[in-house]
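Each residue of the sequence shown is one higher than the one before, starting from 2 at the first, in our numbering. The structure appears right after this line, and notes come after that.
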Amino acid sequence: MSDRHTDWKARYLLALETQERLEHEHEERERELARAVNRISLACEGQEQELDVQLAGLRDFLRKGRSVSTAVLASKIDVVDERIRLLEERNKLSESAAAAAVDALLAQLALEELPGGLRRRIASLRREAHERLQRTGGIEEILQACAGLQDEVLQALRGQAAGRPGLLARLFGQPASAAPEALPEVLREAPATGRIGTAADKALDALIDTVEAPDSDSANRALFDSAKTRIARGVPLDELVTTLDTVRVLAAAALARSRGEFGQFLQQLNERLAAAGAAASGAHVLSQQRAAAGSELSAAIERNIARMRQSADTATEVEQLKREARAHIEQMASAMTVYRNREDRIQEEFGQRVSALEDRVRELESHSRTAEARVAEQSRIALTDRLSQLPNREAFERRLTEECERREREGSPLALAVCDIDNFKRVNDTFGHAAGDAVIVAVAATLRAALRDDHFVARYGGEEFVLLLPGLGSPEAAQDLERLRAALESVPVAHAEQRITVTGSFGLAEFHPGDSAERVFMRADAALYRAKSGGRNRVCVYEDDQAAPT
């Protein structure tokens with residue numbers, strides 16, 4: 002009888018230990034879920050009203066005492082948290098590209114001496130542009146401000162004396178007396194009465210690419226294509242404000258799409274968390290039932306042990322003691338059978354709950370992977386030129402920063418080149434913009450195929466491309482560019498059964514100690530100007546303030 006008593010006691014202690022472990026696991030689940038909800042709230046609070054309502058509902062759900070987490074779900078929520086962070090980065094990509102394009106437009110305005118108040122407002126808007134773009138609706142606000150400043154600048158310029166050099170020479174294609182001494186002849190635009198300059202056209206082209214409408218949005222897609230064509234052929238002065246307003250409308254539509262996609266993702270996330278929470282809540286109920294069953298078994302054993310002791314104290318005959326002891330043992334055995342049957346049922350149901358919870362976790366993980374893939378695709382699109390499928394200006398700026406940091410760190414040579422398609426305007430005027438697009442696509446494919454694997458090419462805007470040649474000084478880089486120039490001569494472009502001859506001019510500059518990326522780009526642009534003015538279809542290297550042809 003002593004061995005049996007020890008066995009029942011061991012089973013009882015094991016049941017208590019199991020109960021304590023399950024309660025501890027449940028507390029851990031609640032803490033993990035609270036941590037995840039707090040992090041999601043911190044990342045998403047204030048994004049939009051619908052999101053705030055969803056998060057408030059989820060927090061209220063937790064306050065009512067129903068757990069929405071498990072040990073498995075806790076580790077997966079960290080993945081969901083990371084996906085939400087990546088979704089926010091997608092918005093930052095567009096904001097960064099828009100900020101760069103807006104800054105380029107404002108920089109053109111700031112080149113001229115304007116009335117003091119107007120200059121200060123332009124400078125103030127440039128300083129605040131990046132921060133304001135991060136606000137909800139910021140891009141609309143910035144574009145409206147740019148359009149207003151542009152209109153004021155035009156009015157101010159109309160009031161200036163005829164022939165005064167400055168912004169008209171740089172931005173609007175009007176003749177000027179001389180270009181700045183630091184960059185002779187490089188930044189001057191060819192006269193183009195009634196049109197903005199090439200630099201402003203390129204800035205507009207880069208800006209509108211950041212708010213491209215999808216094919217599914219037919220109305221805004223038509224608006225985008227129309228504005229894109231207008232910018233490609235050169236924006237007349239009287240259409241500039243209209244073009245900027247078109248960009249503003251497209252930006253508002255892009256912002257609305259982004260909000261809708263993000264809200265839909267969070268709604269789906271909330272639904273999956275609620276489903277997982279229901280499964281976890283059911284598991285908690287089963288844990289409570291198991292604890293209650295253990296308590297009932299413990300009470301039954303204690304009652305029968307107490308009665309056996311009482312019988313031992315009061316029994317006068319051995320047979321009587323045996324009968325009473327046997328009866329108490331049978332009662333304890335019956336209680337154990339009831340406990341075991343209930344434990345088996347709870348264990349089976351608990352397994353079903355855990356299986357359902359694992360299914361919900363797998364769904365959540367799959368949804369997170371899908372969201373991650375969508376963010377990666379949006380990031381790729383944001384850094385890719387739509388027509389040429391080359392990296393765009395924003396991607397070039399990033400790569401340029403990386404290569405400059407590497408050059409500073411390793412001391413390796415780095416060259417930068419600018420390529421411009423010769424007589425591209427003539428192609429557009431003679432064969433149409435479709436032929437011009439075909440030329441850009443063919444040139445982009447040729448440059449990409451002929452370039453070394455560790456070198457980089459991007460479409461900078463219009464018919465202009467930029468190249469980064471790490472590991473090469475000017476002599477070696479010039480040889481590579483000469484090979485690219487020769488490859489362009491054989492680019493197969495045909496239109497209406499006529500072969501279009503394609504050539505390109507290249508300007509090359511090398512980084513030297515103390516050089517800034519902006520200064521090297523200006524030197525490469527100066528070398529390109531020399532190549533153009535020297536007959537085109539050639540490579541010119543910037544050396545000692547002179548662009549030497551190769």
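Cβ atoms here follow ideal geometry from the backbone N, Cα and C, with glycine treated the same way.
From the options, residue whose alpha carbon lies closest to that of residue i
| i | options | result |
| --- | --- | --- |
| residue 458 | 404, 409 and 414 | 404 |
| residue 107 | 16, 205 and 413 | 205 |
| residue 421 | 486, 465, 520 and 355 | 465 |
| residue 250 | 368, 148 and 341 | 148 |
| residue 121 | 154, 473, 409 and 145 | 154 |
| residue 409 | 455, 516 and 324 | 516 |
| residue 156 | 524, 239 and 214 | 239 |
| residue 462 | 468, 375 and 203 | 203 |
| residue 129 | 103, 407 and 17 | 103 |
| residue 467 | 142, 498 and 526 | 526 |
| residue 215 | 434, 327, 359 and 383 | 383 |
| residue 226 | 394, 472, 151 and 434 | 434 |
| residue 518 | 496, 538, 407 and 488 | 407 |
| residue 243 | 460, 351 and 152 | 152 |
| residue 392 | 456, 245 and 473 | 456 |
| residue 529 | 364, 479 and 472 | 479 |
| residue 543 | 324, 511 and 537 | 511 |
| residue 437 | 233, 217, 150 and 18 | 233 |
| residue 477 | 500, 354, 499 and 453 | 453 |
| residue 487 | 537, 520, 497 and 470 | 537 |
| residue 522 | 497, 397, 432 and 499 | 397 |
| residue 395 | 347, 374 and 460 | 460 |
| residue 246 | 257, 256, 228 and 235 | 228 |
| residue 500 | 373, 431 and 472 | 431 |
| residue 142 | 217, 124, 248 and 363 | 248 |
| residue 23 | 123, 236 and 347 | 347 |
| residue 20 | 344, 241, 258 and 254 | 344 |
| residue 236 | 254, 201 and 258 | 201 |
Exposure of residue i, with buried meaning 16 or more beta-carbon neighbours within 10 Å
| i | result |
| --- | --- |
| residue 221 | buried |
| residue 335 | exposed |
| residue 379 | buried |
| residue 369 | buried |
| residue 118 | exposed |
| residue 320 | exposed |
| residue 531 | buried |
| residue 162 | Its pLDDT being 40, under 50, residue 162 is placed unreliably in this model, and the value from its coordinates should be taken loosely. Residue 162 should be labelled exposed. |
| residue 524 | buried |
| residue 419 | buried |
| residue 514 | exposed |
| residue 354 | buried |
| residue 361 | buried |
| residue 15 | exposed |
| residue 352 | exposed |
| residue 342 | exposed |
| residue 252 | buried |
| residue 11 | exposed |
| residue 372 | buried |
| residue 116 | exposed |
| residue 255 | buried |
First and last residue of the uninterrupted beta strand (DSSP E) at residue i
| i | result |
| --- | --- |
| residue 465 | 465 to 471 |
| residue 219 | From DSSP, residue 219 is part of no beta strand (DSSP E) but of the alpha helix (DSSP H) over 219 to 234. |
| residue 462 | 457 to 462 |
| residue 501 | Per DSSP, residue 501 belongs to no beta strand (DSSP E) and is neither H nor E. |
| residue 417 | 415 to 422 |
Span of the alpha helix (DSSP H) around residue i
| i | result |
| --- | --- |
| residue 529 | 518 to 534 |
| residue 539 | Looking at the DSSP string, residue 539 is not in any alpha helix (DSSP H), and its letter there is neither H nor E. |
| residue 441 | 434 to 451 |
| residue 399 | 394 to 411 |
| residue 506 | Here residue 506 belongs to no alpha helix (DSSP H); instead the beta strand (DSSP E) covers 505 to 511. |
| residue 481 | 475 to 490 |
Neighbour flag for residue i against chain D, beta carbons, 9 Å
| i | result |
| --- | --- |
| residue 229 | Structure shown: chain D not included; a single protein chain is present. |
Rounded distance between the beta-carbons of residue j and residue i, thought under 8 Å
| i | j | result |
| --- | --- | --- |
| residue 482 | residue 540 | 5 Å |
| residue 509 | residue 475 | 6 Å |
| residue 485 | residue 417 | That belief does not hold up - the Cβ atoms of residue 485 and residue 417 are roughly 14 Å apart, past 8 Å. |
Checklist entry - Do the region 443 to 457 and the region 483 to 502 meet, that is, are 3 or more Cβ pairs less than 8 Å apart? => result yes
Next on the checklist: Taking contact to mean 3 or more Cβ pairs, one atom from each stretch, closer than 8 Å, check whether the region 402 to 417 and the region 497 to 505 are in contact.
Outcome noted: A contact is defined here as three or more CB-CB pairs under 8 Å, and the region 402 to 417 fails this definition with respect to the region 497 to 505.
Next on the checklist: Can you confirm whether the region 423 to 433 touches the region 406 to 415 when touching is taken to mean that 3 or more C-beta pairs between the two stretches lie within less than 8 Å?
Outcome noted: No, they do not touch.
Item to check | Cβ contact check for the region 210 to 217 and the region 380 to 387: 3 or more pairs under 8 Å | outcome: yes
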